[in-house]
Amino acid sequence: MWIRRTPLAGRPSHSRSRPCRTHSQGAEPAGCHRRDIGPHGAEDEHVIEESGGRKTGDADEENPRDGSFADLLGEAKPLDRAAARHAPAPPRPRAQHRPADDEFSGRKFRWPDPDDRHRAAADGVSDRDLLALGRGETEPLERIDLHGTRREAAGRLLTKRLESACAQGHDCVIVIHGRGQHSSSGEAVLRDALPGWLTRGANAQRVLAFAPAPGRLGGLGATLVRLRQKERQR
18 MWIRRTPLAG
28 RPSHSRSRPC
38 RTHSQGAEPA
48 GCHRRDIGPH
58 GAEDEHVIEE
68 SGGRKTGDAD
78 EENPRDGSFA
88 DLLGEAKPLD
98 RAAARHAPAP
108 PRPRAQHRPA
118 DDEFSGRKFR
128 WPDPDDRHRA
138 AADGVSDRDL
148 LALGRGETEP
158 LERIDLHGTR
168 REAAGRLLTK
178 RLESACAQGH
188 DCVIVIHGRG
198 QHSSSGEAVL
208 RDALPGWLTR
218 GANAQRVLAF
228 APAPGRLGGL
238 GATLVRLRQK
248 ERQR
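See below:
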C-alpha cells in the first residue's frame with residue numbers, strides 16, 4: 018500500500034516524489050509507503066494495497082452479510098395460525114372406574130339388587146342364605162340399638178359392639194337404627210349409613226351378610242346381620 022497526503026487547499030501542487038525502496042527487480046514491495054513532497058514540505062501518502070492498487074474502503078467491496086430479507090428466511094414456512102387455533106386438544110385420560118366392592122378394605126360384597134343397598138352378602142354366601150337371613154330364620158343373639166344416636170357416635174358404637182359379638186361367638190345380631198321418621202331432616206340417616214359401616218374397615222372382616230329385618234322384628238327400622246364365627250375369621 019502507499020499513502021498519499023493531499024496538498025493543502027489553495028496551494029499549488031508542485032510536488033516531488035520520494036521513491037520507495039524497491040526490490041531488486043524494481044517493483045514496489047507490498048505495503049510500500051510512497052511519499053510525495055509538495056513545495057512547502059507537505060507530504061502526501063498513498064497506501065497501495067497488494068490487490069492491484071485498490072484503496073481500502075472501496076464501495077464495491079463485497080459484504081458477506083449483504084442479502085435480501087427473503088434470502089435470509091430461506092425455506093422457513095409461515096405459522097398456520099388458523100390451524101393452530103382449531104387444533105383439537107389432546108384427550109384427557111379417563112378416570113378408571115372401580116367397582117364399589119373394591120372400595121372396601123376387607124371382604125368383597127355383592128348386592129343382588131343394585132338399587133337396594135341395604136341387602137348384601139360377602140363372597141361365599143349363597144343367595145338362599147341371604148334370603149333366609151331376611152326372613153328371620155336365624156334368631157339374633159344380640160341387639161344393638163343405635164336409634165337416637167348421632168351419626169359419628171353410632172358408627173363407633175356399632176364397630177365396638179360387632180367386635181364384642183364376634184368375640185362371644187354370636188353368628189347373628191340385629192341393629193336398630195329407625196326409619197328416620199322423627200329426624201329433623203326427615204331422612205333415615207343411620208339406616209343409610211349402615212351399609213357403609215358394615216362393609217368397610219374392620220367390620221368387613223366380621224360381616225357375612227345383612228338384610229332388612231322382617232316386620233315382626235322391626236321391619237325397615239332394623240337390620241339383621243350375619244357374623245363370621247370367631248375361629249373362622251381371617
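Each number in this note's numbering corresponds to the 1-based position in the sequence shown with 17 added.
In this text, a Cβ means the ideal position worked out from N, Cα and C, and glycines have one as well.
Since this is a predicted model, take the numbers as computed values, not measurements.
Cβ neighbours of residue i in the same chain (closer than 6 Å, five flanking residues each side left out)
i: L215; result: V224, F227
i: E159; result: A182, H187, V190
i: G195; result: H164, G238
i: E169; result: none
Exposed unless 16 or more other CB atoms sit within 10 angstroms - verdict on residue i
i: F126; result: buried
i: P131; result: exposed
i: G141; result: exposed
Local conformation of residue i per DSSP, three classes
i: D144; result: helix
i: E169; result: helix
i: P212; result: helix
i: T240; result: strand
i: L163; result: coil
i: L158; result: coil
i: R152; result: coil
i: R233; result: helix
i: A221; result: helix
i: A205; result: coil
i: R178; result: helix
Between the CA atoms of residue j and residue i - distance to the nearest angstrom
i: P212; j: E180; result: 17 Å
i: V206; j: G232; result: 20 Å
i: R13; j: R178; result: Beyond the ends of the chain as shown, which are 18 and 251, falls residue 13; an answer cannot be given.
i: R134; j: D209; result: 8 Å
i: A184; j: R145; result: 26 Å
i: L234; j: R173; result: 24 Å
i: I193; j: I161; result: 6 Å
i: P157; j: S143; result: 19 Å
Residues near residue i in its chain [Cβ-Cβ closer than 7 Å; skip 5 each side]
i: A230; result: G153, I191, G236, A239, T240, L241
i: A171; result: L163, L207
i: Q246; result: G186, D188
i: E204; result: G197
Contact set for residue i: own chain, Cβ-Cβ below 8 Å, skip 5 residues either direction
i: R136; result: W128, P129, D130, L147, G151, F227, A228, P229
i: T155; result: A149, D188, C189, L241, R243
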